[in-house]
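Data first, discussion second: the structure below is written as structure tokens.
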């Protein structure tokens, strides 16, 4: 489970995750913390309030905090020095807040938000050990190139796919490890009154399986 932007709605997600024994990774922009915006999505106003920096450590305790860059730029449009600055300074800021090594990242921005050039710059020029894209894959197989790691499904905005893949994952009897990876933004749960109950329905489906390890990105991808 991976949620981007570091939002007040993360607190509600975390309550549900605690209820069902789930763990995940939350990707934060350290220079945008505490900022409050209103977005217009699906014809309605949705709060996009960032977690305050002083709250980060206790809000995400027991989970993983990871890089989402300082200010959420589209990295393929930046030069090498600025890509490294956006990633490394965010990593250092987050480490100062949480008190442990920050080793992961989710690419920021919609559309084409990463490419081979950006991935290699991050791999070569920063301390980041994995980067999650927004390109969904139907495969649960482990991936060898972790600096462009592809997730499986975009939570509530692909709810039917989420539930179908969840059932398929539970029913598998694999002879090697597989990964089921869900990503999104917690504010999207506020698009529709049915989304929070649907998220809980998914958590109820996927939780409590004795042959599934529920971990953070770093634990699953690097462990």
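In this note's numbering, the protein residues as written are -16 to 206. The C-beta atom is built at its ideal place from N, Cα and C for all residues, glycine as well.
Check the DSSP bridge columns for residue i and list the partner residues they point to.
i           : result
residue 31  : 20
residue 183 : Bridge partners of residue 183: none, in fact.
residue 88  : 50, 114
residue -10 : 33
residue 220 : Residue numbering for the chain in the displayed model covers -16 to 206; residue 220 lies beyond these limits and cannot be assessed.
residue 9   : -14, 48
residue 167 : -14
Which term fits residue i, buried or exposed, when burial requires 16 or more other beta carbons within 10 angstroms of its beta carbon?
i           : result
residue 191 : exposed
residue 83  : exposed
residue 87  : buried
residue 64  : exposed
residue 156 : exposed
residue 153 : exposed
residue 171 : buried
residue -16 : buried
residue 7   : buried
Leaving out five residues before and five after residue i in sequence, what residues of the same chain have Cβ atoms less than 6 Å from its Cβ?
i           : result
residue 20  : 31
residue 164 : 134, 135
residue 137 : 167
Thinking just about the alpha-carbon of each residue, which of the options is nearest to the one in residue i?
i           : options           : result
residue 214 : 17, 80, 22        : The requested residue 214 does not occur in the structure, where the chain is confined to residues -16 to 206.
residue 101 : 72, 123, 60, 197  : 60
residue 175 : 28, 4, 44         : 28
residue 173 : 5, 23, 150        : 23
residue 90  : 7, 118, 177       : 118
residue 0   : 206, 197, 171     : 197
residue 182 : 36, 145, 201, 195 : 145
residue 194 : 159, 67, 97       : 159
residue 66  : 77, 97, 85        : 97
residue 184 : 201, 150, 10      : 150
residue 94  : 78, 85, 5, 116    : 116
Grab me the residues of residue i's own chain with a C-beta within less than 7 Å of its C-beta, minus the 5 sequence neighbours each way, in chain order.
i           : result
residue 34  : -11, -10, -9, -7, 16, 42
residue -4  : -14, 169
residue 130 : 102, 105, 106, 113, 114
residue 125 : 160, 162
residue 75  : none
residue 132 : 113, 114, 115, 116, 126, 204
residue 77  : 11, 13, 48, 50, 85
Any heavy atom of the ligand ZN closer than 6 Å to the Cβ of residue i?
i           : result
residue 105 : Of ligands this structure carries none, so the ligand ZN is not represented either.
Below 8 Å CB to CB, which residues in the same chain sit around residue i once its five sequence neighbours on both sides are set aside?
i           : result
residue 12  : -12, -11, 33, 51, 52, 53, 54, 55, 73, 91
residue 69  : 52, 53, 54, 56, 58, 61
residue 40  : 80, 81, 82
residue 188 : 146, 149, 150, 153
Legend entry - Inter-stretch contact at 8 Å, needing at least 3 Cβ pairs: the stretch 100 to 118 / the stretch 140 to 147: Because the criterion of three Cβ pairs below 8 Å is not met, the stretch 100 to 118 and the stretch 140 to 147 do not touch.
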